[in-house]
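In the working numbering, the protein residues as written are 336 to 541. See structure below.
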């Protein structure tokens with residue numbers, strides 16, 4: 336990929352911001368990569384694109400800022416964490432997943448921006464070329480990472496990951512439409528920690 340490709344994308348988005356409301360704010364577009372740099376990644380959770388409602392997207396897949404009501408998919412993620420890791424009573428139900436990101440959980444959306452009220456609206460900009468390259472580079476240059484792929488869209492990214500070097504966990508999407516078809520009860524969070532510990536890495540405090 337050409338050096339500076341991400342800057343070209345930011346320029347396109349900045350131009351669109353002149354006539355459209357775009358999420359997340361410009362300074363938060365690469366927040367996932369800033370909070371979880373390449374050498375710190377232990378787990379990758381792949382989302383599709385940012386939340387398209389006001390005040391929700393802040394640069395981390397599935398996460399919303401502190402004090403914002405968690406969207407349905409995030410509520411199911413937190414529910415699964417509670418059941419999987421805390422016997423149904425999670426000590427921290429803050430919908431801001433920054434606490435995961437700083438522990439090495441890369442919360443990466445395939446598309447890093449979206450127009451307000453139009454999910455998938457920035458698919459044609461070229462974000463996936465960048466985020467696919469990030470996933471493939473992590474697979475090729477790092478060892479013993481955990482990739483959590485929820486739903487068909489994310490599961491398509493499995494083709495970018497070497498399953499002989501990493502743990503790939505797949506389940507249905509945590510959306511209420513599909514969570515009961517395999518996401519709830521998947522136990523991905525304890526499975527990820529068990530894998531990390533076997534390979535000498537600290538567990539994530541989910």
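Glycine is no exception: its CB is placed at the ideal position from the N, C-alpha and C atoms.
Shortest alpha-carbon distance to residue 469 belongs to which of 344, 359, 449 and 368?
Closest option to residue 469, Cα to Cα, is 368.
If you drop the 5 nearest sequence neighbours on each side, which residues of the same chain put their C-beta closer than 7 angstroms to that of residue 376?
Closer than 7 angstroms at Cβ, skipping near neighbours: 439, 441, 473, 477 and 480.
Which residues bound the alpha helix (DSSP H) around residue 416?
Here the alpha helix (DSSP H) through residue 416 covers 407 to 420.
Do you know how far the Cα of residue 396 is from the Cα of residue 386?
Between residue 386 and residue 396, the C-alpha separation is close to 9 angstroms.
Going by beta-carbon coordinates alone, are residue 418 and residue 445 separated by less than 8 angstroms?
Cβ atoms of residue 418 and residue 445: not closer than 8 angstroms.
Spatial neighbours of residue 528 within its chain, please: CB distance less than 7 angstroms, with the 5 preceding and 5 following residues excluded, ordered by chain position.
Closer than 7 angstroms at Cβ, skipping near neighbours: 538 and 539.
Rounded C-beta distance between residue 411 and residue 494? I'm assuming under 8 angstroms.
Wrong, their Cβ atoms sit about 26 angstroms apart, outside the cutoff.
Return yes when the Cβ of residue 430 is within less than 8 angstroms of the Cβ of residue 454, no when it is not.
No; because the gap between Cβ atoms is not below 8 angstroms, this pair is not in contact.
Mapping DSSP to helix, strand and coil, what is residue 482?
Reduced to three states, the DSSP call for residue 482 is strand.
In terms of DSSP beta bridges, what is residue 528 paired with?
DSSP lists no partner for residue 528.
Does the beta-carbon distance from residue 503 to residue 482 come in below 8 angstroms?
In this structure, residue 482 lies closer than 8 angstroms to residue 503 by Cβ.
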